[in-house]
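Written below as structure tokens is the structure these notes are about.
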Amino acid sequence: MLRARKQVLEAKHADLKAQIQPVVVELDQIEYALRALTGKLLLPTGADASMNSVAHFRRKANPDIQNLTFQQLVVKALSEHLTNGATANELLDFFRREWGKEIMRTSLSPQLSRLKADDVIELRGKVWHLVRNENEPPQDNPKDGSETALDAPIEEATE
Numbered sequence: 739m740l741r742a743r744k745q746v747l748e749a750k751h752a753d754l755k756a757q758i759q760p761v762v763v764e765l766d767q768i769e770y771a772l773r774a775l776t777g778k779l780l781l782p783t784g785a786d787a788s789m790n791s792v793a794h795f796r797r798k799a800n801p802d803i804q805n806l807t808f809q810q811l812v813v814k815a816l817s818e819h820l821t822n823g824a825t826a827n828e829l830l831d832f833f834r835r836e837w838g839k840e841i842m843r844t845s846l847s848p849q850l851s852r853l854k855a856d857d858v859i860e861l862r863g864k865v866w867h868l869v870r871n872e873n874e875p876p877q878d879n880p881k882d883g884s885e886t887a888l889d890a891p892i893e894e895a896t897e
């Protein structure tokens, strides 16, 4: 029942996004035209101003992040924050929300491909993951529920 409801809502969401897309495109065109006519930058208002303000303070709070390459950002995000992996869009949202980095999808995709070609990351379905080194310990908890392998009960060897 929940899956069916989810499918209905996803279809409705896709329809609404398709309906609003032409409006978003037209608004962008009008904004560019106004910039061209006035020769000035238009200052953001409302939600855009808030997003810009948040991004500004995120950048100030994370100065070391600002000089990293896109590839370094991906590796840092996947190794330190998104340890269970992330889609490309989730990475972009994370960069914007947490680090104030606005990156275009078209700029990120080639970098993801290069990292994949260099065996730094791998794609499982739509989710990007860091490739683990064979000497690296597993990140998952042991199946017995203990927090680390050292806490796991020792099994008696049977011969």
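Here the sequence shown is numbered in the numbering used here, starting from 739 and rising by one per residue.
From the three backbone atoms N, C-alpha and C, an ideal C-beta is built for every residue, glycine too.
Fair warning: this is a prediction, and the values are worked out from it, not measured in the lab.
{"Query": "Below 7 angstroms between beta carbons: does that hold for Gln809 and Gln849?", "Result": "yes"}
{"Query": "Compare the beta carbon distance of Phe833 and Lys839 with 7 angstroms and say whether it is the shorter of the two.", "Result": "yes"}
{"Query": "Excluding the five sequence neighbours on either side, which residues of its own chain have a C-beta within less than 7 angstroms of the C-beta of Ile841, listed in chain order?", "Result": "Phe808, Leu830, Phe833"}
{"Query": "Spatial neighbours of Leu806 within its chain, please: C-beta separation below 8 angstroms, excluding the five flanking residues on both sides.", "Result": "Lys814"}
{"Query": "Output the boundary residues of the alpha helix (DSSP H) element that contains Val812.", "Result": "808-818"}
{"Query": "Looking only at its own chain, which residues have a Cβ that is under 7 angstroms from the Cβ of Ala749, when we skip the five neighbours before and after it?", "Result": "none"}
{"Query": "On the DSSP letters alone, give me the boundaries of the beta strand (DSSP E) that Arg862 sits inside.", "Result": "859-862"}
{"Query": "Return the first residue and the last residue of the alpha helix (DSSP H) that Ala826 is part of.", "Result": "826-837"}
{"Query": "Do Thr825 and Val865 count as a contact pair if the criterion is CB distance below 7 angstroms?", "Result": "yes"}
{"Query": "Could one say the Cβ of Glu828 lies closer than 7 angstroms to chain D's Cβ atoms, at least one of them?", "Result": "Of the chains in the structure shown, none is chain D; there is only one protein chain."}
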